[in-house]
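Heads up: the structure comes next, in structure tokens.
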Amino acid sequence: MPPRKANRPSKKDEGLARTDNNLKNHSWPVVYPINQKNFYTDYLKRDDQALVWRQRSEIPRPEREVKDRGPMPDGEPEKDSVGADTKEDEEHPEVWGSRVIIIHPGSRNLRIGRASDALPKTIPNVIARQNPESEWEEDPHPRPKRLRMEEDSKDDVEDAGDNTPQRRTRGSSRKSAPLAEKEPSGAESSFYTFFNEISQELKLQMRQNKRRVLPNSREGVINHNKKYVPENIKEHNDPYRAEWTSVDTDLLHFVGHEALHIADNSIPRYKLFWPLRDGVFNEHDYVSKRRWHEDVTVILRESFARELNIGPGDYEGLSAVLVIPDLYDRIYVTEMLDLLLREFRFAQVCLFQESVAATYGAGFSSACIVDIGAQKTSISCVEEGMVIPDSRLNLKFGGDDVTAIFTQMLLTNSFPYSDINLLRRYDYLLAEDLKVKYTSLNEADVVVQFHNFHVRAPGEETIKYGFKTYDEIYLAPFSLFHPRILDATDKLRGRRSLWERSYDLYDDVPNDPVSLAQNSLHRPATTIAPATVNEDIEMTDDPSLGIPNRPPGLNLIAPTTGPENTPKTPHGGSPAPDETSDIPEGINHPTLGNSNSKAGGSDPGDPDPEIEALPMLPLDLAIIESIRYAAKGDDKRSKDFFSGILLVGGGSLTAGLNHLLEERLIRQRGSLGNLTISSPPRELDPQVLVWKGASVFGKLTSTNDVWIKQSEYDILNSRVLPYKTLWMW
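Per full-length UniProt numbering: the sequence shown = residues 1 to 729.
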């Protein structure tokens, strides 16, 4: 009997049977395991796999073999051979240098030029735009701040009808008269306290050096200045009358010197905008990033056209070297790099640090660079062409602070031109001129002297003033060694209001470069309070370094007050990146952050210490601090840096600064052996030494691996920087 068939339907009947096809059940590729016995790779093991070699091989052969013909007859560079490393370039670096533009932006001045030029073109880094009010009209408080006692207020009321040149007001004086205070504020009283302290220190110092100190010298200066009556000078009798910029045009902006010479009472009104302030973004005067980008673009484009005869169509055939600070913000570097490569479309851009550029310009291989600029002072130790990261210091005071404190001291001694206001353009230019002419750090100049100057205000007759000075010509630049007297309330206003801090993409922690020397000047933000701001900061000094403890009463930081300085914490916290100290064991160094935080970091939610408190370390102690972290306990390296201190920047032009700094370093440090404080060689202006060093680097034809080209930046953006910088990005 045959078996009974099952009643269940077959897979074929159900349509589940696989017939007439070899399709896979899935589309996922099958990855077979690697045979470890035969595994081998040569990825990134040969030199020809490096980025610079691959780019070289991608260049067509005819383009590599083309020979440069140098600048065209009309001075315009050719566009075809940018980056070509030909034999003619090696023999004639000036040919290559004519196609390289060196850009050194600063808080006050912008220096540009071709690498083949002997000296740069200096343009004020400012733009004037039409505005309802000018600077002094927006801010009713004159600069520097006045201390008006009750007697002065009565004199103003009595002399309200007096129209003599001495009492005649100019712009903001009557506007600021109702703001006169009967009692000095805390900041003003502290100014007079510090003023008297450093004045007494100067007298003691002069007596020790066997110099005669005449009694009642300051009283005689004050009495003379009070009684001096200025005289008017007719316009036809003034051969040096100022030429003011004409605003009878349809231009909405002016750049550089033209902007500084616009009358404060012009119709329409113009306001000055400085893109950089204190060495960083000026976020206080700008309401958006777009306006900041527009101003920087206009300043650079018009400066290129006027000073270098470079039009917008010539950028693609040129290379640019951008000089950046040693202790920089990543946001600043990436914004400027993006501007040059995408807005101006330069063929390639190179980044160069200021201190390294200074050593190139001076011909030093190793040195301690002290750059005293207009609004910041940077100190770094350079060894064999590389900046030692932990030695970098950035102090927020410079030549502008000396100008302000010099004006304040003159007013304290009854300066006859009592209406001076640094917010007005002609008064600012006058104060700068007085500082350059009369300030000195030579003790022989501390005597009662008579000087005169002319006030040339737009639309008014020239007025000649005479005044006497005593010790204020010395004490003003002496404030670099006593920064507590400087006014730090306006520093870093609006910081982080437009640009946030740079954060690591993976760890979400700040990744701006850090320096142990700079971090040692900041106390934890949680310990900064009004009651403890003036307390001493205790820092452990290692005896093996040969550095004595800091003198008592030294205040390393100054608070920045005001609602605008309140930092933002958009990421829920801003801890600093972990920093592994390279200081050998047994050497104590300052604690960075709170005791319960990570090494070199801070607790979540801590604000930026740079915003909360500014480092205000005296110049001589700052140099010792920088060399201390650079030497790391090595006596030989320490002596090498002390024997190669190089002063650059406009602030180093003060007469007698070298000798005074040398005396104070010996007093603080003791026997230093061969202590040498150098000035730029070959009679170079210290203001242009950094630019000159960058121009030397720009003429080198063997530095192809540091140039960031358009094709690279279009693909990698700022991620190309770790491969193209001379330092650890």
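We put the CB at the ideal spot given by N, CA and C, even for glycine.
Measure from the alpha carbon of Arg-493 to the alpha carbon of each residue in Asn-282, Tyr-192, Val-30 and Glu-383, then state which is nearest.
-> Stepping through the sequence shown from its first residue, residue 493 is reached at position 493. Closest by alpha carbon: Asn-282.
Between the segment 504-521 and the segment 667-687, are three or more C-beta pairs nearer than 8 Å?
-> no
Just list the alpha helix (DSSP H) runs in the segment 626-713, keeping only unbroken ones of 4 residues or longer that don't cross its boundaries, in chain order.
-> Every alpha helix (DSSP H) stretch that sits fully inside the segment 626-713 and reaches 4 residues is listed by chain position as 635-642, 657-669 and 689-698.
Kindly indicate which three-state DSSP category Phe-397 falls into: helix, strand or coil?
-> For the purposes of this step, residue 397 is taken as the residue at position 397 of the sequence shown. In this structure, Phe-397 counts as coil in the three-state DSSP scheme.
Answer yes if the segment 423-435 comes into contact with the segment 626-643, meaning at least three C-beta pairs across the two stretches below 8 Å, and no otherwise.
-> no
To which residues of the same chain is Pro-304 closer than 6 Å at the C-beta, ignoring the five residues directly before and after it?
-> One-based indexing of the sequence shown puts residue 304 at position 304. Here residue 304 turns out to be Phe, not Pro, going by the sequence shown. If we look at Phe-304 and ignore the five residues flanking it on each side, its Cβ neighbours are Ile-310.
Ile-708: buried (16+ other C-beta within 10 angstroms of its C-beta) or exposed?
-> Taking the first residue of the sequence shown as 1, we reach residue 708 at position 708. By the neighbour-count rule (16 or more Cβ atoms within 10 Å), Ile-708 is buried.
With a 10 Å radius around its C-beta and 16 neighbouring C-beta atoms as the bar for buried, classify Ile-715 as buried or exposed.
-> The residue you call residue 715 lines up with position 715 of the sequence shown. Burial check for Ile-715: the Cβ neighbour count within 10 Å stays below 16, so the residue is exposed.
Taking Cβ to Cβ, would you say Val-696 is nearer than 8 Å to Tyr-417?
-> What you label residue 696 is simply residue 696 of the sequence shown in a count that begins at 1. What you label residue 417 is simply residue 417 of the sequence shown in a count that begins at 1. No, Cβ-Cβ distance for Val-696 and Tyr-417 is not below 8 Å.
In this structure, what does DSSP give as the bridge partners for Asn-225?
-> Taking the sequence shown and counting its residues from 1, the one referred to as residue 225 is at position 225. Paired residues: none, contrary to the question.
Counting Cβ pairs, one atom from each stretch, are 3 or more of them under 8 Å apart for the segment 614-621 and the segment 389-404?
-> Between the segment 614-621 and the segment 389-404, the count of C-beta pairs closer than 8 Å reaches three or more; the two stretches touch.
Tell me the start and end of each unbroken beta strand (DSSP E) in the segment 116-145 that is at least 3 residues and wholly inside, in chain order.
-> Runs of the beta strand (DSSP E) inside the segment 116-145: 121-124 and 127-130.
Would you list the residues sitting across from Ala-367 in a DSSP beta bridge?
-> Taking the sequence shown and counting its residues from 1, one reaches residue 367 at position 367. DSSP lists Val-382 as partners of Ala-367.
Are Trp-292 and Ala-263 touching if we call contact CB-CB under 8 Å?
-> As a first step, residue 292 must be located in the sequence shown, where it is residue number 292. As a first step, residue 263 must be located in the sequence shown, where it is residue number 263. No, they are not a contact pair.
Going by the beta-carbon positions, is the gap between Ala-517 and Leu-393 smaller than 8 Å?
-> For this step, residue 517 is matched to residue 517 along the sequence shown. For this step, residue 393 is matched to residue 393 along the sequence shown. Yes, these two residues count as a Cβ contact at 8 Å.
Proximity of Glu-662 and Ile-677 at Cβ, strictly below 8 Å | For the purposes of this step, residue 662 is identified with residue 662 of the sequence shown, where counting begins at 1. For the purposes of this step, residue 677 is identified with residue 677 of the sequence shown, where counting begins at 1. Taking 8 Å as the Cβ cut-off, Glu-662 and Ile-677 qualify as a contacting pair.
Closest Cβ-Cβ distance between Pro-142 and chain D: below 8 Å?
-> The structure shown contains no chain D; it is built from a single protein chain.
Specify, as a first and last residue, the run of the beta strand (DSSP E) that Ile-463 falls within.
-> Walking along the sequence shown from the start, residue 463 turns up at place 463. First-last of the beta strand (DSSP E) with Ile-463: 462-469.
Pair every Cβ in the segment 112-125 with every Cβ in the segment 232-249, then say whether three or more of these pairs are closer than 8 Å.
-> no
By Cβ distance, which residues of its chain are closer than 8 Å to Thr-703, with the 5 residues on each side in sequence left out?
-> Here the question's residue 703 lines up with position 703 in the sequence shown. Same-chain partners within the cutoff: Cys-350 and Phe-697.
Name the two residues that bound the continuous beta strand (DSSP E) containing Glu-500.
-> Here residue 500 refers to the residue found at position 500 when the sequence shown is read from its first residue. Counting along the chain, Glu-500 falls outside any beta strand (DSSP E), and DSSP gives it neither H nor E.
Contact check, Pro-132 vs Leu-276 under 8 Å by CB: the rounded distance?
-> Counting from 1 along the sequence shown, the entry for residue 132 is found at position 132. Counting from 1 along the sequence shown, the entry for residue 276 is found at position 276. Not confirmed; about 24 Å, so no contact.
Please classify Pro-268: is it buried, with 16 or more other beta-carbons within 10 angstroms of its beta-carbon, or exposed?
-> To locate residue 268, count along the sequence shown from 1; it is residue 268. When all chains shown are included, Pro-268 counts as exposed.
Note the first and the last residue of the continuous beta strand (DSSP E) segment covering Phe-352.
-> Residue mapping note: residue 352 aligns to position 352 of the sequence shown, counting from 1. Start and end: 348-353.
Helix, strand or coil at Ser-520 according to DSSP, with G and I counted as helix | On the sequence shown, residue 520 is found 520 positions in, with the first residue counted as 1. Looking at Ser-520 - three-state DSSP - the assignment turns out to be coil, as it is neither helix nor strand.
Distance between Trp-53 and Asp-705 (C-alpha atoms, nearest Å) | Translated into the one-based positions of the sequence shown, residue 705 becomes position 705. Translated into the one-based positions of the sequence shown, residue 53 becomes position 53. For Asp-705 and Trp-53, the distance between alpha carbons rounds to 9 Å.
Val-100 and Ala-358 closer than 8 Å at C-beta | For the purposes of this step, residue 100 is identified with residue 100 of the sequence shown, where counting begins at 1. For the purposes of this step, residue 358 is identified with residue 358 of the sequence shown, where counting begins at 1. No, the Cβ-Cβ distance between Val-100 and Ala-358 is not below 8 Å.
Cβ shell of Asp-48 (< 8 Å), same chain only, five flanking positions each side left out | Residue mapping note: residue 48 aligns to position 48 of the sequence shown, counting from 1. In its chain, beyond the 5 residues on either side, Arg-54 and Ser-57 have a beta carbon closer than 8 Å to the beta carbon of Asp-48.
How is Gly-15 classed by DSSP in three states: helix, strand or coil?
-> Residue mapping note: residue 15 aligns to position 15 of the sequence shown, counting from 1. Per DSSP, reduced to three states, the secondary structure at Gly-15 is coil, with no helix or strand assignment.
Evaluate the contact criterion for the segment 402-420 versus the segment 465-473: three or more CB pairs, one atom per stretch, below 8 Å.
-> yes
Counterpart residues of Lys-271 in DSSP-defined beta bridges | By 1-based counting over the sequence shown, the position of residue 271 is 271. Paired residues: Arg-129.
Pair every Cβ in the segment 429-440 with every Cβ in the segment 400-410, then say whether three or more of these pairs are closer than 8 Å.
-> yes
Beta strand (DSSP E) segment containing Glu-231, residue limits = One-based indexing of the sequence shown puts residue 231 at position 231. Here the beta strand (DSSP E) through Glu-231 covers 231-233.
Rounded separation between Asn-717 and Arg-496 - CA only | Numbered from its first residue, the sequence shown carries residue 717 at position 717. Numbered from its first residue, the sequence shown carries residue 496 at position 496. Cα to Cα, Asn-717 sits roughly 23 Å from Arg-496.
Report buried or exposed for Ser-391, applying the criterion of at least 16 other Cβ atoms within 10 angstroms of its Cβ.
-> Your numbering for residue 391 matches position 391 in the sequence shown. With 16 or more other Cβ atoms within 10 Å, it is buried.
Starting from Arg-477 and walking both ways along the alpha helix (DSSP H), at which residues does that stretch end?
-> Here residue 477 refers to the residue found at position 477 when the sequence shown is read from its first residue. Position check: residue 477 holds Pro in this sequence, whereas Arg was assumed. First-last of the alpha helix (DSSP H) with Pro-477: 472-478.
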